[in-house]
Every structure is written in structure tokens, then in C-alpha cells.
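Numbering (UniProt numbering), first residue to last: 1 to 99.
By construction, the Cβ of each residue, glycine as well, lies at the ideal position given by its N, Cα and C atoms.
Source: prediction; values computed, not measured.
The next block holds one structure in the form of C-alpha cells; read it before the comments.
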């Protein structure tokens, strides 16, 4: 069984024991987080589907930062160059149960 969950404005396809990186959540390491399921699918061959009725329980594994991206601005012929880097704060979740 797998589910599609939404958190931080993004959607993730998850199943039990998956480890995913999502936008930063205000939860401590080891805490349980309940995510609302947009859709739940059974993969037993019957193809049954339920929309929006399930939930996904996940455990916070760690807080980390994503890979650095470079933001570079330039205006030609004006000697204008600006270089900035950005790293987004992320939370690592382990899916415990799909209901």
C-alpha cells in the first residue's frame, strides 16, 4: 500500500519504511508526525483507490540542510555582478504506517 501526501506545498509518493526529505517541520527528533493523505492505493492487484480518507504516520529522523544552490545576478555592460548561495532547512522523515 502506498499513499500520496502533501507537506510544505509539495506532494510525495510514500510507502512504509520510506525515508523522505521534506521542508522544515517544527517537531523534535524522534517525535511522531501525522501527515494527511491525498490518495491511498492498494498494490494487491485489485487496484483499489481511496481519495483523501487516509493518513500517514511518520517519525522525525533528523534535521538537515539541502545542497547549496548558487544565485547569480548580472547586468551586462554595467559591471554589476552579485553572487549568493542558499541552503534550505529540511526534515528527514521515516514513514512508519500508511492508513
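Out of 59, 5, 86, which has the shortest C-alpha to C-alpha gap to residue 65? 86
Between the region 67-78 and the region 23-38, are three or more C-beta pairs nearer than 8 angstroms? no
Would you call residue 58 buried or exposed, if buried means 16 or more other Cβ atoms sit within 10 Å of its Cβ? buried
Residue from 17, 26, 18, 5 with nearest C-alpha to residue 90: 26
Report back the beta-carbon spacing between residue 61 and residue 1 to the nearest angstrom; my notes put them in contact at under 8 angstroms. About 21 angstroms separates the two Cβ atoms, so there is no contact after all.
In whole angstroms, what separates the C-alpha of residue 92 from that of residue 6? 15 angstroms
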